[in-house]
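Undergrad: Quick note: the sequence shown uses my numbering, first residue 50, plus one each step.
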Amino acid sequence: MLRTIGTKLLLIIPVLFIVSLGTFLLVELVPGDPAIQVLGPNSTAEEYERVREEMGLNDPVIQRYWDWLTDALHGDLGYNLVPPSTPVTERLANAFPINIELAILALIMSFAVAIPLAMWSAYRAGGRFDRTVSATMFGVISVPAFLSGIILLLIFAINWRIFPLGQWARPSEEGWAENLKHAFLPALTLALTEIAVFTRLLRNDMMATLQDDYILAARAKGMPTRHILLREAFRPSSFSLITLAGVSLGRLIGGTVIVETLFSLPGVGRTVVEGARNSDYTIVQGGVLVIAVAYVVINLFVDILYMYLDPRIRRGRV
Numbered sequence: 050m051l052r053t054i055g056t057k058l059l060l061i062i063p064v065l066f067i068v069s070l071g072t073f074l075l076v077e078l079v080p081g082d083p084a085i086q087v088l089g090p091n092s093t094a095e096e097y098e099r100v101r102e103e104m105g106l107n108d109p110v111i112q113r114y115w116d117w118l119t120d121a122l123h124g125d126l127g128y129n130l131v132p133p134s135t136p137v138t139e140r141l142a143n144a145f146p147i148n149i150e151l152a153i154l155a156l157i158m159s160f161a162v163a164i165p166l167a168m169w170s171a172y173r174a175g176g177r178f179d180r181t182v183s184a185t186m187f188g189v190i191s192v193p194a195f196l197s198g199i200i201l202l203l204i205f206a207i208n209w210r211i212f213p214l215g216q217w218a219r220p221s222e223e224g225w226a227e228n229l230k231h232a233f234l235p236a237l238t239l240a241l242t243e244i245a246v247f248t249r250l251l252r253n254d255m256m257a258t259l260q261d262d263y264i265l266a267a268r269a270k271g272m273p274t275r276h277i278l279l280r281e282a283f284r285p286s287s288f289s290l291i292t293l294a295g296v297s298l299g300r301l302i303g304g305t306v307i308v309e310t311l312f313s314l315p316g317v318g319r320t321v322v323e324g325a326r327n328s329d330y331t332i333v334q335g336g337v338l339v340i341a342v343a344y345v346v347i348n349l350f351v352d353i354l355y356m357y358l359d360p361r362i363r364r365g366r367v
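Here you go:
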């Protein structure tokens, strides 16, 4: 198993290299001149050439990519072009924890609701409870995140005033209790779709598992339903769920722009969108790189976890 993990760690290096190259070229192909962004349209020719030389814009593309990659490996993603000038790493370091927290909270909410619903639906397949859950999940998955976010805001923040209306409370400044109050509605907005998808996926997998011979034998021995569902059926039915959860976690970290905008959260997605709107290329480069690397690393972790859960993969068999 350790050898397989080592191989996967080696394979991730070219993947990260390709990700960094694609991130750099993505911004390079965007129309515009970073020197003009720094100086403004009224600069002189001498100032323009001086800034281009200082920023290395006159160097070949390969040289600029190598310089950028070397600095990125040392944690230096440059400075944003639109004043006030601040380190990109600092801005992303302030924004990224918001995405991480929302994604993890959304996954926790999704598991807490989807797993018991899916288990009981599979056990009572075709019954009233199963039909109700299936119809409800179908309706939930059909509602886009921006609409469900607006509905949650109207009900819980405006009408009932249980949760605050947007903004963000950092735990280091206002404590974890206040932070979780601000994070609950955005995380729930993200979790609703995941709940529906996880429930349907796990229900189908558990329905198949519950027909296996060893489950039928466990029932014949008179084992309690709780034991059969939790100890015997859940683990072999959870492989697809874990894979999907890893993909979802990466997507939630980088794909929360609508939720960040709706709830006025200063996350990475909103930071990158504002950088693209202002032609602030270094912000866009840094943000896309951080999100892409996080996505790759999370999927590597899911692969390793999958090997741990499925002995067939550890032994090199399918």
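The beta-carbon is built from N, C-alpha and C at its ideal position, and this holds for glycine as well.
Mind pulling the alpha helix (DSSP H) runs of 4 or more residues that sit fully within the region 79-134?
TA: Listed in chain order, the complete alpha helix (DSSP H) runs (minimum 4 residues) inside the region 79-134 are 83-88, 94-103 and 110-122.
Undergrad: Thinking C-beta only, is residue 341 closer than 8 Å to residue 72?
TA: Closer than 8 Å, so yes.
Undergrad: Only counting runs of 4 or more residues, tell me where the alpha helix (DSSP H) segments fall wholly within the region 266-323, in order along the chain.
TA: Listed in chain order, the complete alpha helix (DSSP H) runs (minimum 4 residues) inside the region 266-323 are 283-286, 288-303 and 306-311.
Undergrad: Check whether the Cβ atoms of residue 346 and residue 336 sit closer than 8 Å, and answer yes or no.
TA: Against a cut-off of 8 Å, the Cβ pair of residue 336 and residue 346 comes out as no contact.
Undergrad: So the alpha helix (DSSP H) residue 206 belongs to, where does it begin and stop?
TA: That residue, residue 206, is in no alpha helix (DSSP H); it is neither H nor E in DSSP.
Undergrad: Suppose the cutoff is 8 Å on Cβ atoms and the five residues either side in sequence are ignored; what does the same chain contact list for residue 68 look like?
TA: Only 338, 341, 342 and 345 meet the Cβ criterion.
Undergrad: Within the same chain, show all residues whose beta-carbon is closer than 8 Å to that of residue 198, passing over the 5 residues directly before and after it, in chain order.
TA: So the list reads 234, 235, 238, 307, 308, 311 and 312, once near-sequence residues are dropped.
Undergrad: Please report the distance separating the alpha-carbon of residue 277 from that of residue 288.
TA: Going from the Cα of residue 277 to the Cα of residue 288 covers about 17 Å.
Undergrad: Using the DSSP secondary-structure output, state which residues sit across from residue 136 in a beta bridge.
TA: BP columns for residue 136 point to 128.
Undergrad: What did DSSP end up calling residue 346 once you bin it into helix, strand or coil?
TA: Helix.
Undergrad: Beta carbon of residue 84, beta carbon of residue 100: below 8 Å?
TA: A contact, by the Cβ cut-off of 8 Å.
Undergrad: Could you name the residues of the same chain whose beta carbon sits closer than 6 Å to that of residue 174, not counting the 5 residues immediately before and after it, in chain order?
TA: So the qualifying residues of the chain are 256.
Undergrad: Evaluate the contact criterion for the region 263-275 versus the region 177-186: three or more CB pairs, one atom per stretch, below 8 Å.
TA: Because the criterion of three Cβ pairs below 8 Å is not met, the region 263-275 and the region 177-186 do not touch.
Undergrad: So, does the region 119-135 touch the region 313-333, judging by three or more C-beta pairs under 8 Å?
TA: Yes: at least three Cβ pairs fall under 8 Å.
Undergrad: Hey, would you say residue 297 sits closer than 8 Å to residue 243, going by beta carbons?
TA: Against a cut-off of 8 Å, the Cβ pair of residue 243 and residue 297 comes out as a contact.
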